[in-house]
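Undergrad:
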Amino acid sequence: MNLELIKKLMFLVFELFIIFVSVFALVTTYLSSPLLSILIFVFLIYFVYYLALKYFFEDT
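1 is the number of the first residue of the sequence shown in UniProt numbering; add one for each residue after it.
(1) Quick test of your reading: Y30 and S37, contact by CB under 8 angstroms. State the CB separation rounded to the nearest angstrom.
(2) Do you know offhand how far F41's Cα is from L26's?
(3) Report the option in L3, S33 and F17 whose CA atom is closest to the CA atom of V48.
(4) Go through its chain and collect everything with a Cβ distance to S33's Cβ below 6 angstroms, but skip five positions before and after it.
(5) Let me know if L9 comes out buried or exposed under the rule of 16 or more other beta-carbons within 10 Å of its beta-carbon.
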């Protein structure tokens, strides 16, 4: 298997894990503090997109 393919698959798993954590944080803390929950969710989603864009534009 190509090493680049393995790196991309590992990065994809990492990104999906961060998305799962952000959704989990949104659901579990929404009732106690909706504003904080939404802020954490938005920050983590922004972080995922930032990492993805940085990673994929680094190759070109």
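Beta carbons are placed, not taken as given, at the ideal position from N, Cα and C, and that holds for glycine.
TA: Quick look at the numbers:
(1) Contact check for Y30 and S37: beta-carbon distance about 5 angstroms, within the 8 angstroms limit, so the pair qualifies.
(2) Cα to Cα, F41 sits roughly 6 angstroms from L26.
(3) Residue F17 holds the alpha-carbon nearest to the alpha-carbon of V48 among L3, S33 and F17.
(4) Cβ-Cβ distances below 6 angstroms link S33 to nothing in the same chain once the five nearest sequence neighbours on each side are left out.
(5) Counting Cβ neighbours within 10 Å, L9 comes out exposed, since fewer than 16 surround it.
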